[in-house]
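So the sequence shown is numbered by full-length UniProt numbering: it starts at 1 and just counts up by one.
Structure first, commentary second.
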Amino acid sequence: MDKAGSAPTLAGWYVISLRPSGSHAPVRHAATALGARTLSISTLALRPQSAGPALQAALACPLVIVTSPAAVQFARRQLPLAAAPGQRWLALGEASAKALHRAGIEQVRVPDTGTDSEALLALPELQAPLDAVGLVTAPGGRGLIAETLAQRGAQVHRANVYRREALHPSAGRLRTLRKLPAPSALLVSSQEGFDGLWRRLDEGGRTRLQARPVVASSPRLAAHLAGLGFQAIVLATGAAPATMVEALAADVAQGRFR
């Protein structure tokens, strides 16, 4: 609420969630708290992938990096997570850190600012020289982490505990997207998730989407969207749904979007 008795900041707004299938609830909760409605469009589904000995090797390293809450979820289905004496655990953001806490890892280091690969790699713990580093993640994204750590001398033990599977939004869902009222904003926390939608839109659909505000969870994503012609870009400080929705609400409250 802006003031006691006033309408919620995002009353009359829609937020467009591109989270993987089955994971839109946090976005919906954050949007509802500020008066907005949610349109969910999934272009990805997360599927388990057996990591076998690779996960054992990653979890035995003196330093372990977990790239997402999903990585925690799928890893702990395969092996218990427990911190060995002197072992350090790092996560890309607070959501991943909280997932590790629930799994039994009490001490987790996260970047001071940002939740992208660059922010993680700036941590003092990841500067050269490095020893063995465990990376619990999925195939595809976050390749910068493994590549940079290897360049810094680390022996990277990568465990892919889940995979992303492309989904095609239904024609009906895309029609709903086109018909959304002007006060609506797209939340982008994954380039892969966004590109899956972008590829499905015709020229008219892309033009209508470009006219809406878009909330990016990192400078890298903001630059990607700017390169595609988006102009009303809100840069959030992280990928957590509440963080992204609140960044939009702050700009709306300041009168940036009418």
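Don't be surprised by glycine CBs; every beta carbon is placed ideally from N, CA and C.
Quick caveat, the model's predicted, so the values are computed rather than measured.
Since residue i is in the beta strand (DSSP E), which residue starts that stretch and which ends it?
i, result
"LEU135", "132-137"
"HIS168", "From DSSP, HIS168 is part of no beta strand (DSSP E); its letter is neither H nor E."
"ARG88", "88-91"
"ALA216", "214-216"
"GLN155", "155-160"
"LEU187", "184-188"
Which residues bound the alpha helix (DSSP H) around residue i?
i, result
"LEU100", "94-103"
"GLN210", "203-210"
"ARG76", "69-78"
"LEU144", "143-151"
"SER117", "117-121"
"PHE194", "191-198"
Taking 7 Å as the limit between beta carbons, can you name the residues of its chain near residue i, skipping five residues before and five after?
i, result
"GLN49", "ASN160, VAL161, TYR162 and ARG163"
"VAL156", "VAL133, LEU135, ALA146, LEU149 and ALA150"
"THR43", "LEU18, ALA166, LEU167, PRO169, GLY193, GLY196 and LEU197"
"GLY229", "GLN210"
"PHE74", "PRO48, VAL161 and TYR162"
With a threshold of 6 Å (Cβ to nearest heavy atom), would residue i be considered close to the ligand GTP?
i, result
"ASP131", "Questions concerning the ligand GTP fall outside what the structure shown contains, since it holds no ligand whatsoever."
Less than 6 Å between C-beta atoms, sequence neighbours within five positions excluded: which residues of the same chain meet that for residue i?
i, result
"ALA154", "LEU130 and VAL133"
"ARG256", "none"
"ALA11", "GLY35"
"LEU144", "SER117"
"THR137", "THR67 and ALA71"
"LEU90", "ILE65 and ARG109"
"ARG183", "Correcting the residue type first, residue 183 is Pro in the shown sequence and not Arg. GLY12 and TRP13, listed in sequence order."
"ILE16", "LEU39 and LEU186"
Does the distance from the CB of residue i to the CB of residue j come in under 7 Å?
i, j, result
"GLN78", "LEU55", "yes"
"LEU121", "LEU92", "no"
"PRO20", "LEU39", "no"
"ILE233", "LEU221", "no"
"ILE41", "ARG173", "yes"
"ILE105", "LEU123", "no"
"ALA247", "ALA236", "yes"
"ALA95", "PRO111", "no"
Can you list, in chain order, the residues of its chain whose CB lies under 8 Å from that of residue i, leaving out five sequence neighbours each side?
i, result
"ARG76", "ALA103"
"ALA4", "Because the pLDDT at ALA4 is just 48, under 50, the model does not fix this residue reliably, and the value given afterwards should be weighed accordingly. Nothing meets the Cβ criterion."
"ASP251", "PRO213, VAL234 and PHE257"
"ARG200", "THR43, HIS168, PRO169 and LEU174"
Contact criterion: CB-CB distance below 7 Å. Does residue i meet it with respect to chain C?
i, result
"ALA253", "Here there is only one protein chain, and chain C is not present."
Notebook entry, point to check: Could you give the uninterrupted runs of the beta strand (DSSP E) lying entirely in the stretch 2-64, keeping only those of 3 residues or more?
Noted result: 14-17, 37-40 and 44-48
Next item on the list: Please determine if the stretch 60-69 and the stretch 81-89 are in contact, where contact requires at least 3 C-beta pairs separated by less than 8 Å.
Entry: yes
Margin query: Three Cβ pairs or more, each shorter than 8 Å: is that satisfied between the stretch 222-242 and the stretch 26-36?
Written below: Taking 8 Å as the limit for Cβ pairs, the verdict is that the stretch 26-36 does touch the stretch 222-242.
Notebook entry, point to check: Can you find at least 3 beta carbon pairs, one from the stretch 214-224 and one from the stretch 175-188, that sit closer than 8 Å?
Noted result: yes
Next item on the list: Count the C-beta pairs between the stretch 164-180 and the stretch 195-211 that are closer than 8 Å, then say yes if the count reaches three, no if not.
Entry: yes
Next item on the list: Counting only runs of 3+ residues fully inside the stretch 222-250, write out the beta strand (DSSP E) ranges in chain order.
Entry: 233-235
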